[in-house]
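Undergrad: In terms of our numbering, the sequence shown opens at residue 10 and continues consecutively.
Every residue, glycine too, gets a C-beta built ideally from N, C-alpha and C.
Remember, predicted model here, so these are calculated numbers, not experimental data.
Mind looking over this structure? Questions follow.
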Amino acid sequence: MNPTPPLGGPGLAQQRRLVTDIPGPASRELLERRQRSVARGLSHVLPVFVTAAGGGVVVDADGNSLIDFGSGIAVTSVGNSADLVSSRVAEQVAQFTHTCFMVAPYQGYVEVCEELNRLTPGDHEKRSALFNSGAEAVENAVKIARHATGRQAVVVFDHAYHGRTNLTMAMTAKNMPYKDGFGPFASDVYRVPMAYPFRWPGGPAACKAEALEVVKGLIHTQVGEENVAAIVIEPVQGEGGFIVPPDGFLPGLADFCRSNGIVFVADEIQSGFCRTGDWFAVDHEGVVPDLITTAKGIAGGLPLAGVTGRADMMDAVHPGGLGGTFGGNPVACAAALGAIETMAKEDLPAAARHIGDVMLPRLRKLAESQPAIGDVRGRGAMIAIELVRPGTIEPDSAAAAKVAKACHAVGLVLLTCGTYSNVLRFLPPLVIGNDLLSEGLSILEDAFAGL
Ligand SMILES: Cc1ncc(COP(=O)(O)O)c(C=O)c1O
10 MNPTPPLGGP GLAQQRRLVT DIPGPASREL LERRQRSVAR GLSHVLPVFV
60 TAAGGGVVVD ADGNSLIDFG SGIAVTSVGN SADLVSSRVA EQVAQFTHTC
110 FMVAPYQGYV EVCEELNRLT PGDHEKRSAL FNSGAEAVEN AVKIARHATG
160 RQAVVVFDHA YHGRTNLTMA MTAKNMPYKD GFGPFASDVY RVPMAYPFRW
210 PGGPAACKAE ALEVVKGLIH TQVGEENVAA IVIEPVQGEG GFIVPPDGFL
260 PGLADFCRSN GIVFVADEIQ SGFCRTGDWF AVDHEGVVPD LITTAKGIAG
310 GLPLAGVTGR ADMMDAVHPG GLGGTFGGNP VACAAALGAI ETMAKEDLPA
360 AARHIGDVML PRLRKLAESQ PAIGDVRGRG AMIAIELVRP GTIEPDSAAA
410 AKVAKACHAV GLVLLTCGTY SNVLRFLPPL VIGNDLLSEG LSILEDAFAG
460 L
C-alpha cells in the first residue's frame with residue numbers, strides 16, 4: 010500500500026527523510042508502467058515519482074522526502090505550490106480556464122505583460138507577448154527581430170541552449186542528446202565562441218580581452234554585420250554549464266549590436282526571475298537588451314513564457330503575426346502574478362544572493378581538497394562546479410555522474426549539465442531554508458569523499 014501523500018506547498022515538513030531505498034517499491038512499480046507507456050526519448054534524472062513538493066523538499070510515492078537542489082530545472086524559484094500561486098490558480102480555474110487571448114482577451118494576460126514591461130531592464134516603452142514554453146519564446150524573439158530589421162541572420166554562441174524546436178535546435182550548440190538525428194535544421198544561424206573563462210584557450214585573464222574581438226571579427230568576416238537580425242545570448246549560460254562571461258563582455262556585445270542595428274536578445278529563460286540575485290542576470294552589469302525572453306521561474310511551475318522588448322520592435326509585427334492557441338493561458342497568467350508578487354514580497358533576489366553566499370565558500374573549500382573540481386562558478390542561486398581529471402582541464406563526466414548518483418541515493422535532488430556533461434549545477438528553490446541548504450552541501454561533500 011502506498012502511503013497517503015502529504016499536502017504539498019510551503020507547509021510540507023522541511024526535512025530529508027528516507028523510509029525506503031531510492032527508488033522504493035511504489036516508485037519501482039510506476040517506473041515499470043512508465044516504461045510500457047511513455048516514449049523512450051524522454052529520460053529522467055531521479056527514479057522516483059513525486060506526490061508532493063514545497064519549500065526545499067520533494068516527497069515521493071514511497072514517502073521519502075528529498076532535498077531539492079534542482080527546482081524542476083530552475084522553475085520553482087518561489088517553491089512548489091507556493092501560497093499565492095495556488096490561491097490565484099484556484100480562483101482562476103473556478104472562473105474560466107481558457108478563451109484564447111486571440112479570440113476574447115482577459116485582464117490577467119495584460120497584467121503579466123505590464124509586470125514584464127515594468128520589471129525587465131530599461132525604462133523605455135515596452136511591449137510583451139506570451140507563449141507556452143521557453144523555446145517558443147526564443148522562436149518568437151527571432152521572428153520579431155527579423156521582422157523589425159528586415160534581416161535574416163541569427164548569431165548564437167558555443168555552449169548555448171535555446172530549446173528543442175527546429176529553430177531552437179539549430180541555435181543550441183550541443184549535439185547529444187538534443188540534436189542528434191533530428192536535422193535538417195533551420196538555416197541562417199551562425200555560431201561564435203563563448204567567453205568561457207575556464208576554457209578560454211589563452212586562459213581566464215585573456216578571455217576578458219579577447220572574446221569580444223573574436224566574436225566581432227567572426228561576425229564581420231563570415232556573416233556581415235548588415236545581415237545580422239539578432240545576437241541571442243544567455244547572460245549566464247544554463248544547460249551549457251553555468252558559464253558566466255567575464256565582466257565587460259555583455260556590455261561590449263550590447264554596444265556592438267547598437268552600433269550595427271542588430272537586435273540584442275537576452276535569453277533569460279534560466280537565469281531570469283531572481284535566480285542570479287538580480288531580477289535578471291543582465292541587471293548585474295546594467296545591460297539593457299532590446300528583447301528579453303523569459304519562462305521557467307515566471308509562473309511558479311505553470312507553463313508560461315514571454316518576449317518583452319522595445320515597443321517599436323515588438324510592434325513592427327503586423328496584427329495576427331504572433332500568437333498561438335494556449336499562449337498566455339489565464340491559469341498560467343494567474344500563477345505568474347502570484348509568483349511575481351511572492352518574489353517581490355519575499356525579496357527573492359536577496360534570497361538568491363544569500364544562497365550564493367552560503368554555497369560558494371563551501372564549494373571553494375571543497376575544491377581545495379578535491380582536485381577533480383576544476384572550477385567553482387556562478388552567481389546568486391545559479392551555482393556550479395566543473396569536474397576534470399586532476400591537474401588538467403580534461404572534462405570528467407564519469408565523476409560528475411558518480412557524485413550525482415551518490416547524492417540521489419541519499420535523498421538530494423542534484424542535476425548535471427555542460428557541453429561535456431561534467432558540471433554539477435545547484436538550483437535550489439529560492440525559499441529553501443538554511444538547514445536544508447547546509448545538509449545538501451554536506452551530502453555533496455560526503456559524495457566527493459567517496460569518489
Ligand atoms: C536558456 C534557455 N533557453 C530556452 C530554453 C527552452 O525552454 P523550454 O524547455 O521551456 O522550451 C531553456 C530550457 O532549459 C533554457 O535554459
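Regarding Glu148 and ligand 1, is the C-beta to nearest heavy atom distance less than 7 Å?
TA: Outside the cutoff, so no.
Undergrad: In terms of residues, what are the limits of the beta strand (DSSP E) holding Leu300?
TA: Start and end: Leu300 to Thr303.
Undergrad: Find the nearest neighbour of Val54 within the set Gly420, Asn443, Pro438 and Glu454, judged by alpha-carbon distance.
TA: Ranking the options by Cα distance to Val54, first place goes to Gly420.
Undergrad: Roughly how many angstroms lie between the CA atoms of Ala220 and Lys354, to the nearest whole one?
TA: Each residue's Cα considered, the two are about 39 Å apart.
Undergrad: Check this for me: beta carbons of Gly400 and Leu93, under 8 Å apart or not?
TA: Cβ atoms of Gly400 and Leu93: not closer than 8 Å.
Undergrad: Across the segment 110-117 and the segment 292-311, are there enough close Cβ pairs to call them in contact, namely three or more that are closer than 8 Å?
TA: Touching, no, given that fewer than three Cβ pairs across the two stretches are closer than 8 Å.
Undergrad: For a test of your reading of the model: does the CB of Ile278 fall under 7 Å from any non-hydrogen atom of ligand 1? Yes or no.
TA: It does: the Cβ of Ile278 is within 7 Å (strictly closer) of some heavy atom of ligand 1.
Undergrad: Would you report the Cα separation of Pro255 and Gly33, rounded to the nearest angstrom?
TA: About 45 Å.
Undergrad: Name the residue from Pro210, Ala35 and Glu148 whose alpha carbon lies nearest to the alpha carbon of Met180.
TA: Closest option to Met180, Cα to Cα, is Glu148.
Undergrad: Between the alpha carbons of His363 and Gly159, how many angstroms are there, rounded?
TA: Going by the C-alpha atoms only, they are around 44 Å apart.
Undergrad: Which residue comes first and which comes last in the alpha helix (DSSP H) that contains Phe258?
TA: Run containing Phe258: Phe258 to Ser268, per the alpha helix (DSSP H) assignment.
Undergrad: Cβ-heavy atom distance between Tyr429 and ligand 1 below 7 Å?
TA: No, ligand 1 has no heavy atom inside 7 Å of this Cβ.
Undergrad: Going by C-alpha distance, which of Arg434, Ala381 and Ala418 is nearest Phe457?
TA: Nearest option by C-alpha distance: Ala381.
Undergrad: What are the complete beta strand (DSSP E) segments, minimum 3 residues, inside the segment 82-145?
TA: Within the segment 82-145, the complete beta strand (DSSP E) runs of at least 3 residues are 135-140.
Undergrad: Comparing C-alpha positions only, which one of Ser430, Arg49 and Gly72 sits nearest to Pro14?
TA: With distances taken between Cα atoms, Pro14 lies closest to Gly72.
Undergrad: Going straight from the alpha carbon of His293 to that of Asp287, what length do you get?
TA: For His293 and Asp287, the distance between alpha carbons rounds to 7 Å.
Undergrad: Is it the case that the segment 119-136 contacts the segment 356-370, given that we only count it when at least three CB pairs across the two stretches are under 8 Å?
TA: At 8 Å Cβ cutoff, the stretches do not touch.
Undergrad: If contact is defined by three or more beta carbon pairs under 8 Å, each pair taking one atom from either stretch, is the segment 266-286 in contact with the segment 410-427?
TA: Touching, no, given that fewer than three Cβ pairs across the two stretches are closer than 8 Å.
Undergrad: Please classify Glu377: is it buried, with 16 or more other beta-carbons within 10 angstroms of its beta-carbon, or exposed?
TA: Its Cβ having fewer than 16 others within 10 Å, Glu377 is exposed.
Undergrad: Report the CB separation of Val121 from Cys342 in whole angstroms; it is logged as a contact under 8 Å.
TA: Yes, they are in contact, since the Cβ atoms of Val121 and Cys342 sit about 5 Å apart, within 8 Å.
Undergrad: Given a cut-off of 8 Å, decide if Pro437 and Phe78 are closer than it, judged by their beta-carbon atoms.
TA: Yes.
Undergrad: Fully enclosed by the segment 56-84, which beta strand (DSSP E) runs are 3 residues long or longer?
TA: List check, beta strand (DSSP E) in window: 59-63, 66-69 and 74-77.
Undergrad: Residues in the same chain with beta-carbon distance under 6 Å from Gly18, minus the five sequence neighbours each way, listed in chain order, please.
TA: These residues qualify, in order along the chain: Gly63 and Ser90.
Undergrad: Could you spell out the range, first to last residue, of the alpha helix (DSSP H) harbouring Gly226?
TA: Pro213 to Leu227 is the span of the alpha helix (DSSP H), which, as asked, contains Gly226.
Undergrad: Tell me which same chain residues have a C-beta within less than 6 Å of the C-beta of Leu311, skipping the five on either side of it?
TA: Ala341 and Ala344.
Undergrad: Rounded C-beta distance between Arg463 and Ile402? I'm assuming under 8 Å.
TA: As shown, the chain starts at 10 and ends at 460. That puts residue 463 outside it, with no answer to give.
Undergrad: My guess is that Ala138 and Gly315 are in contact by the Cβ rule of under 8 Å, so how many angstroms apart are they, rounded?
TA: Indeed they touch by this definition, with Cβ atoms about 7 Å apart.
Undergrad: Considering only the alpha carbon of each residue, which of Gly249, Thr108, Tyr199 and Pro210 lies closest to Glu395?
TA: Cα-wise, what sits closest to Glu395 is Gly249.
Undergrad: Could you tell me how far apart the beta carbons of Val244 and Val291 are, in whole angstroms, since I believe they sit closer than 8 Å?
TA: Note on identity: in this sequence residue 244 is Pro, with Val being the wrong assignment. Between Val291 and Pro244 the Cβ distance is about 5 Å, and since that is below 8 Å, they are a contact.
Undergrad: For ligand 1, I want to know if Ser86 counts as a neighbour, meaning its beta carbon is within less than 7 Å of at least one of the ligand's heavy atoms.
TA: Because no heavy atom of ligand 1 lies under 7 Å away, the Cβ of Ser86 does not count as near it: no.
Undergrad: So what does Cys426 bridge to, in DSSP terms?
TA: The partner list for Cys426 (beta bridge, DSSP) reads Val432.
Undergrad: Do Arg25 and Ser74 count as a contact pair if the criterion is CB distance below 8 Å?
TA: Cβ distance < 8 Å, so Ser74 and Arg25 count as in contact.
Undergrad: Please name the residue, chosen from Ser80, Thr317, Gly226 and Pro206, that lies closest to Lys217 on a Cα-to-Cα basis.
TA: Comparing Cα-Cα distances from Lys217 to each of Ser80, Thr317, Gly226 and Pro206, the minimum goes to Pro206.
Undergrad: I'd like to know whether the C-beta atoms of Pro202 and Asp167 end up nearer to each other than 8 Å.
TA: In this structure, Asp167 lies closer than 8 Å to Pro202 by Cβ.
Undergrad: Name the two residues that bound the continuous beta strand (DSSP E) containing Glu395.
TA: Looking at the DSSP string, the run of the beta strand (DSSP E) that includes Glu395 is Met391 to Leu396.
Undergrad: With a 10 Å radius around its C-beta and 16 neighbouring C-beta atoms as the bar for buried, classify Phe289 as buried or exposed.
TA: Buried, because 16 or more other Cβ atoms sit within 10 Å of the Cβ of Phe289.
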